[in-house]
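Residue numbering for the sequence shown follows the UniProt record's numbering, beginning at 1 and increasing consecutively.
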Amino acid sequence: MARNNIQDISAFLIVARERSFTRAAAKIGVSQSALSQTLRGLEERLGIRLLTRNTRGVSPTEAGELLLHSVGPHFDGIDAGIAALSGLKEKPSGTVRITADQHAAEDVLWPALDKFLPKFPDIKVEIVVDYGLTDIVAEQYDAGVRIGEVIAKDMIAVPIGPDMRMIVVGAPSYLETHGAPQTPQDLTSHNCINLRLPTYGGLYAWEFEKSGRELNVRVEGQLMFNSVGMIVTAALAGHGLAYVPESRIKDDLDKGRLTALLENYCKPFSGYHLYYPSRRQPTPAFTAVVNALRYQDARSRN
1 MARNNIQDIS AFLIVARERS FTRAAAKIGV SQSALSQTLR GLEERLGIRL
51 LTRNTRGVSP TEAGELLLHS VGPHFDGIDA GIAALSGLKE KPSGTVRITA
101 DQHAAEDVLW PALDKFLPKF PDIKVEIVVD YGLTDIVAEQ YDAGVRIGEV
151 IAKDMIAVPI GPDMRMIVVG APSYLETHGA PQTPQDLTSH NCINLRLPTY
201 GGLYAWEFEK SGRELNVRVE GQLMFNSVGM IVTAALAGHG LAYVPESRIK
251 DDLDKGRLTA LLENYCKPFS GYHLYYPSRR QPTPAFTAVV NALRYQDARS
301 RN
């Protein structure tokens with residue numbers, strides 16, 4: 001393949017992923033007009049249109065999508081191989097991008113990174129908080145964080161936290177007025193604070209289990225948020241019952257600001273895992289971050 005084709009395909013991949021000549025040009029460090037001319041030249045040499053241009057931006061054609069998904073991973077592999085050369089230095093360096101929900105970022109990632117980062121001043125870590133099931137390959141993240149039960153089988157999954165439990169909680173002020181539910185079905189008559197997840201396009205159903213029988217309850221109430229932090233704040237203020245990670249409100253439970261409910265129906269499940277593509281060659285910086293985040297419990301140390 002001609003050398004200019006390699007350079008131009010690299011430029012195409014950035015435009016196709018950014019869906020914008022403006023952002024792609026800024027990332028490459030060239031003018032928009034020069035980048036547009038480069039892509040037109042590539043299309044002419046290949047004899048096929050790769051991009052659809054309109055007033056709202058650009059998007060790959062069917063041929064462009066094929067090129068993006070067939071050739072893109074090979075270019076990513078070259079970039080990873082070059083980045084891996086930093087391992088020849090005395091200290092790992094580079095940027096590691098991770099996507100996670102707010103609870104995982106605050107309660108799992110940050111405590112570990114707080115201790116890790118001072119020891120590796122040449123490593124940069126970017127954490128993007130997102131409740132959606134992000135495609136980490138398409139969005140060019142190095143890794144994502146999810147609970148162990150929902151990770152695709154073609155991904156490498158590393159445990160970074162203990163098993164979790166979601167529990168129903170309410171403030172004493174709410175319970176004094178409305179009473180406490182005795183079964184999950186009773187929640188339908190309570191004011192419950194909902195969580196909206198963008199990926200599902202609806203409200204999160206509260207999940208319970210007893211004697212091996214699973215039960216999902218769709219609750220209703222005056223408030224809904226896309227942030228666990230805001231749900232806890234509203235529950236503390238007595239605005240309704242909440243369904244949140246137990247570790248997130250442990251201090252509130254210990255001090256009596258919240259009361260745990262329906263505990264016999266709230267079972268533990270596999271906790272947070274860091275996941276990343278099995279085909280990607282990890283850089284020394286990424287390996288160092290993974291080792292820092294890896295969960296070690298008493299059983300794994302024996």
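For each residue, glycine too, the CB sits at the ideal point set by N, CA and C.
Contact between G144 and I98 holds: their C-beta atoms lie close to 7 Å from each other, under 8 Å.
Contact check for M164 against I147 passes: the beta carbons are separated by less than 9 Å. Shown here, R257 sits in coil according to DSSP, grouped into three states, outside any helix or strand. Beta-bridge partners of M166 (DSSP): P245. CA-to-CA, the gap between L258 and N216 works out to about 23 Å. In the pairwise beta carbon analysis, the segment 174-186 is classified as not touching the segment 244-256: fewer than three pairs are separated by under 8 Å. Membership of V158 in the beta strand (DSSP E) is indicated by the continuous run 155-159. Around the C-beta of N291, fewer than 16 other C-beta atoms lie within 10 Å, and the residue is accordingly described as exposed. Here L51 is actually not in contact with L67; their C-beta atoms are around 10 Å apart, not less than 8 Å. Between the segment 186-193 and the segment 223-242, the count of C-beta pairs closer than 8 Å reaches three or more; the two stretches touch.
In the displayed model, H190 falls within coil according to three-state DSSP, outside both helix and strand.
In summary, V129 is exposed, with fewer than 16 beta-carbon neighbours lying within 10 Å of its beta-carbon over all protein chains present. Proximity to E126 across R17, L117, G132 peaks at L117, based on C-alpha coordinates. At the C-beta level, F21 and A288 stay beyond 9 Å of one another. Cβ neighbours of I28 within its own chain (closer than 8 Å, five residues either side excluded): A11, I14, L35. Secondary structure note for A143: it is in no alpha helix (DSSP H), and the uninterrupted beta strand (DSSP E) holding it is 143-147.
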